[in-house]
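**Q** With the first letter of the sequence shown counted as 1, position 324 gets the number 324 in full-length UniProt numbering; the numbers rise by one all the way through. I have a structure I would like to understand better, so I am pasting it below and will then ask my questions one at a time.
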Amino acid sequence: MLIGDVSAHDPVAEGTVTQGQSIRGRLGTGESLLFEPVRKTSQEQVPEKPRIRNLILLIGDGMGPQQVGLLTQYAHHGKHSPYEDRQAAIERLMNEGVAGIMRTEPHNMLVVDSAASATQIATGQYAGSEMIGANYQGDSAKTVLEYAKESGRSTGLVSDTRITHATPASFAAHQRHRSMENEIAGDMLETQPDVMLSGGLRHWVPAAAAKKESVTYEALRQLIGDAYPITTKRTDNRNLLLEARDYYQLAFDRYALARIEEMPVLGLFSDTAMLDALAEKAADNAGTRNQPTLVEMSKKAIELLDQNPAGFFLMIEGGQIDWTGHNNDAGAMLHELLRFDAVVAAVMEWAKDRDDTVIVVTADHETGSFGFSYSGSSIPKARQLAGNVFNNEKFEPNFNFARQRTLESLYGQKQSYYTILETFDALPAKEQTAESLMELVNSAMPLNIDLDEAVQVLTRSRNKMYQEGHPFLGTKTLPNIRDFNSFYVYGENLRMNLLGRLLAEEQNVVWGTGTHTSTPVTLGAWGPEAATKPFSGIHHSTDIGQRMIELMQQ
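What follows is the structure in structure tokens.
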């Protein structure tokens, strides 16, 4: 089995902390420390600083510069590029606005997880690994969303993962570990963002919902309809949906969301994570899609939040870019990037004639150590060039520098590795064979694997990192990663990493890890010059958080 549904879906989420007391309530000592304004010489013209009404933050989870490179290369060279001007929206935003680089490291460490990184962006304070809305000292840290609420603005969170997942949680909750999603849901009800749209019903419904014959299950089925399965991760009888109805309108499919005309709204469109980009595309083609897309959720959030004359803060996460990086799945990664970039385009379109809105686009970290690389495999044949330097001599590269048609091979993928392995694991045990896996892979991929390669994916070896009771390293054998294996830690999901390695040579793709890297990420800001200029240059994520908090304190 894959590791729960969290598995490919940001594996860190299941952590080792048990449910317990919230650290909500006590603000951190560094909370009020705002950044020192950028110093200007007397010769510089200082633009008049307008009041910023709206701040829209878009986070591509796991979207390092390599991932941005994949997106922009496809925009420019892909056969099915959706861009008339061959320019990705992120590229256009950085060209028209300001561009910068953001360091991501948490307190006392070099590599960050999504919880600590989002917390640093949200609070402007250093966090410890896997903390939610808390500074590194363990104190509750006030977030930009909470500052925005204090200013009278409306607030919203949108994600294609779960609303209680690390990134959205860090803006509206305060817990000691990201795995505490049940407690995070309670925090979110207390914080009351005006719009929350994502997946993750399972953290909002009581333990009794696990029994289909129960009154609780039947009542939930009446409320939710048949949009998706009802599951629960709660161990108590608290029904947060009933509590939420005292304040929120509820939506469970895209049709209900489309009918909503005013805030507040809580939309939960899956029991767990929402569809990945390829599954969403397949559901669209089949006419079976009940979930709203990330673009649809984002547009609805802006439509509702904009009703407040005081303005709004909105965080939108493209969370599944990260999951494809964890799984070393380059084709699915391309589709997740295109899905996220479509949201950037929609937000820019909405804001294009406004002078009161700042859009910030960044990432929380890079995942997978991804890149295209040149190799000694499939070296192009020599060919004559008529140019005056070559004068009909042969052009004969020493290596394969990755043909641009590789991009179409990635785009042509029909299912994510996660969906392929999920389908495989659902087969009866006697049918979970190398032959079955080979057929599933080859029906979903433009590139094929053979039977011996399918056997490699299913081969196991001793887990040298075994720790009894560990949420990911607690099995004595693992799929057999032969090198850098201490950086491949997510149990049965390692089969996806093995599949990625088998296809890497033909894709001219290299992967360095199944986790995160310390690579700084790109940052773009778009809006009035005086408000966006402080985002240019090289900064730490806490600096970016402080700049956003300052905008929301105006």
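In this text, a Cβ means the ideal position worked out from N, Cα and C, and glycines have one as well. These figures come from a predicted structure and were not determined experimentally.
Among the candidates Arg259, Thr216 and Ser114, whose CA atom is the shortest distance from the CA of His326?
**A** Here the closest residue by C-alpha is Ser114.
**Q** Just how far apart, CA to CA, sit Trp290 and Leu197?
**A** Reading off the sequence, residue 290 comes out as Asn, not Trp. Cα to Cα, the separation comes out at about 14 Å.
**Q** Check whether the stretch 87-101 touches the stretch 339-352, counting contact only when three or more Cβ pairs, one atom from each stretch, lie closer than 8 Å.
**A** yes
**Q** For Leu157, does the three-state DSSP call read helix, strand or coil?
**A** strand
**Q** In its own chain, which residues sit with a C-beta less than 8 Å from the C-beta of Phe35, not counting the 5 before and 5 after it?
**A** At Phe35 the pLDDT is 35, less than 50, meaning the model places this residue with poor confidence and gives no usable figure here.
**Q** Which residues bound the alpha helix (DSSP H) around Val441?
**A** Ala434 to Ala444 is the extent of the alpha helix (DSSP H) around Val441.
**Q** Compute the Euclidean distance between the alpha carbons of Val441 and Ile449, then round it to the nearest angstrom.
**A** 7 Å
**Q** Pull up the distance between the alpha-carbon of Pro264 and that of Gln249, whole angstroms please.
**A** 6 Å
**Q** Can you give the beta carbon distance from Val158 to Ser298, rounded, assuming they're within the 8 Å contact cut?
**A** Their Cβ separation, rounded to whole angstroms, is 6 Å, which keeps Val158 and Ser298 in contact under 8 Å.
**Q** Which class does Thr324 belong to by DSSP, given the choice of helix, strand or coil?
**A** Thr324: helix per DSSP, three-state reduction.
**Q** Looking at the unbroken alpha helix (DSSP H) that takes in Ile56, where does it start and where does it end?
**A** No alpha helix (DSSP H) contains Ile56, which is instead part of the beta strand (DSSP E) from Asn54 to Gly60.
**Q** Return the CA-CA distance between residue 563 and Gln73, expressed in angstroms with no decimal places.
**A** Outside the displayed span of the chain (1 to 554) sits residue 563, for which this structure offers no information.
**Q** So which of Val509, Asp271 and Ser518 has the shortest CA-CA distance to Arg403?
**A** If we check each option's Cα against that of Arg403, Val509 comes out closest.
**Q** Go to Gly97, then tell me how far its alpha helix (DSSP H) extends in each direction, as first and last residue.
**A** Careful: Gly97 lies outside any alpha helix (DSSP H) and carries neither H nor E.
**Q** To the nearest angstrom, report how far apart Leu110 and Val521 are at their CA atoms.
**A** Cα atoms of Leu110 and Val521: separation of roughly 14 Å, rounded to the nearest angstrom.
**Q** What are the start and end residues of the beta strand (DSSP E) that includes Pro479?
**A** Thr477 to Pro479
**Q** Using alpha carbons as the reference points, say which of Ile481, Lys300, Trp526 and Phe399 lies closest to Thr155.
**A** Lys300
**Q** Would you kindly check if the distance between the Cβ of Pro206 and the Cβ of Thr216 is under 8 Å?
**A** Yes, the Cβ-Cβ distance between Thr216 and Pro206 is below 8 Å.
**Q** Can you give me the C-alpha to C-alpha distance between Thr18 and Met180, rounded to a whole angstrom?
**A** Low local confidence applies: a pLDDT of 41 at Thr18 is under 50, so the model's placement there is unreliable, with the coordinate-based value given in what follows. Distance between the alpha carbons of Thr18 and Met180: 7 Å.
**Q** Between the C-alpha atoms of Met63 and Arg259, what's the straight-line distance to the nearest angstrom?
**A** 33 Å
**Q** If I follow the unbroken beta strand (DSSP E) through Ile522, where does it start and stop?
**A** It should be pointed out that residue 522 corresponds to Thr in this sequence rather than to Ile. Val521 to Trp526 is the span of the beta strand (DSSP E), which, as asked, contains Thr522.
**Q** Helix, strand or coil for Asn400, going by three-state DSSP, please let me know.
**A** strand
**Q** Quick one: Cα of Ser42 to Cα of Pro50, how far?
**A** Below a pLDDT of 50, predicted positions are generally treated as unreliable, and Ser42, at 43, falls in that range; the measurement from the model is reported next regardless. Their Cα atoms are separated by approximately 21 Å.
**Q** Could you tell me how far apart the beta carbons of Gly469 and Val489 are, in whole angstroms, since I believe they sit closer than 8 Å?
**A** Their Cβ separation, rounded to whole angstroms, is 15 Å, which puts Gly469 and Val489 out of contact at 8 Å.
**Q** Got a sec? Which residues, its chain only, sit under 6 Å from residue 630 by beta carbon, not counting five neighbours each side?
**A** No answer is possible for residue 630: the residues shown for the chain start at 1 and end at 554.
**Q** Helix, strand or coil: which one does DSSP assign to Arg339?
**A** In the structure shown, Arg339 sits in a helix (DSSP, three-state: H, G or I).
**Q** According to the Cβ coordinates, are Leu93 and Met315 closer than 8 Å?
**A** Using a Cβ distance threshold of 8 Å, Leu93 and Met315 do not count as a contacting pair.
**Q** Kindly indicate which three-state DSSP category Phe390 falls into: helix, strand or coil?
**A** coil
**Q** Going by the DSSP bridge assignment, what does Arg259 pair with across the sheet?
**A** Answer by DSSP bridge pairing: none, since Arg259 is not bridged.
**Q** Measure the alpha-carbon distance for Lys149 versus Phe171 and round it to whole angstroms.
**A** 12 Å
**Q** Under 8 Å between the Cβ atoms of Ser416 and Leu278?
**A** yes
**Q** From which residue to which residue does the alpha helix (DSSP H) around Glu470 run?
**A** Residue 470 is actually His in this sequence, not Glu. Where His470 is concerned, there is no enclosing alpha helix (DSSP H), given that its DSSP letter is neither H nor E.
**Q** What number of angstroms, rounded off, separates the C-alpha of Ala351 from the C-alpha of Thr293?
**A** 20 Å
**Q** In angstroms with no decimal places, state the Cα-to-Cα distance between Arg460 and Ala434.
**A** 13 Å
**Q** Do you know how far the Cα of Ile121 is from the Cα of Asp356?
**A** 21 Å
**Q** When the Cα of Asp236 is compared with those of Gly200, Ala227 and Asn182, which residue comes out closest?
**A** Nearest C-alpha to Asp236: Asn182.
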